[in-house]
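Colleague: Once you've had a glance at the structure underneath, I'll fire off some questions.
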Amino acid sequence: MVTISHETPEETRLRLRRVLAEATLDVLPGRWSYHEHPAGAVPQPSVDALALVRDEECWSILEPSRGGEAEVFGAFSIHFPTADDNSGFVGWLAGELKDRFGTGVAVLCGYNSAQGGIYDYWLVPAPLLDEAVAHVRSLAAAGRQ
625 MVTISHETPE ETRLRLRRVL AEATLDVLPG RWSYHEHPAG AVPQPSVDAL ALVRDEECWS
685 ILEPSRGGEA EVFGAFSIHF PTADDNSGFV GWLAGELKDR FGTGVAVLCG YNSAQGGIYD
745 YWLVPAPLLD EAVAHVRSLA AAGRQ
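All you need for our numbering is the position in the sequence shown, starting with 1, plus 624.
Structure, rendered in structure tokens:
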């Protein structure tokens with residue numbers, strides 16, 4: 625269930641650092657890109673695909689880069705503990721990464737009841753992956769203090 629929190633920005637920042645400290649962060653190997661397919665029948669994604677999304681014009685599959693794509697991402701995932709209030713997390717962490725590196729992010733959310741429920745895939749420009757993950761880990765460490 626989505627939680628509605630009424631708190632100051634500082635309270636939100638402290639809460640979300642604690643949530644991050646309790647979450648599981650995994651860096652995905654390789655590089656990732658979106659590959660487009662015409663709207664209509666559902667395309668067959670590769671077994672390594674992370675997401676299949678569509679709008680009114682095309683299907684978009686996030687899967688390992690093949691080379692030559694205009695946008696190539698590094699990716700990491702965050703699985704949250706079951707009972708933690710992670711409301712506002714995507715906006716908060718996206719803002720942290722924008723402030724630190726000047727980049728936007730792409731975030732895809734999924735649900736896995738065996739691992740606490742909601743989880744996120746975070747996409748950053750591939751050259752920034754190591755720095756972005758190091759920064760996320762530093763935020764998590766601050767949440768443990």
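Ideal Cβ placement from N, Cα and C applies to all residues, glycine included.
Using DSSP with H/G/I as helix, E/B as strand and the rest coil, what is Arg678?
Modeller: One-based indexing of the sequence shown puts residue 678 at position 54. Arg678: strand per DSSP, three-state reduction.
Colleague: Is DSSP giving Arg690 helix, strand or coil here?
Modeller: The count along the sequence shown starts at 1 and reaches residue 690 at position 66. Looking at Arg690 - three-state DSSP - the assignment turns out to be coil, as it is neither helix nor strand.
Colleague: Just to confirm the assignment, what range does the alpha helix (DSSP H) spanning Phe713 have?
Modeller: Within the sequence shown, residue 713 is the residue found at index 89, counting from 1. Here the alpha helix (DSSP H) through Phe713 covers 713-725.
Colleague: So, with DSSP's three-state summary, where would you put Met625?
Modeller: On the sequence shown, residue 625 is found 1 positions in, with the first residue counted as 1. Note that Met625 scores 48 on pLDDT, short of 50, meaning its location in the model is unreliable; the coordinates nonetheless yield the value given after this. Three-state DSSP puts Met625 in coil, outside helix and strand.
Colleague: Would you give the residue range spanned by the beta strand (DSSP E) that Gly654 belongs to?
Modeller: Here residue 654 refers to the residue found at position 30 of the sequence shown. Per DSSP, Gly654 belongs to the beta strand (DSSP E) from 648-662.
Colleague: Between which two residues does the alpha helix (DSSP H) containing Ser670 stretch?
Modeller: Taking the first residue of the sequence shown as position 1, residue 670 is located at position 46. Here Ser670 belongs to no alpha helix (DSSP H), and DSSP marks it neither H nor E.
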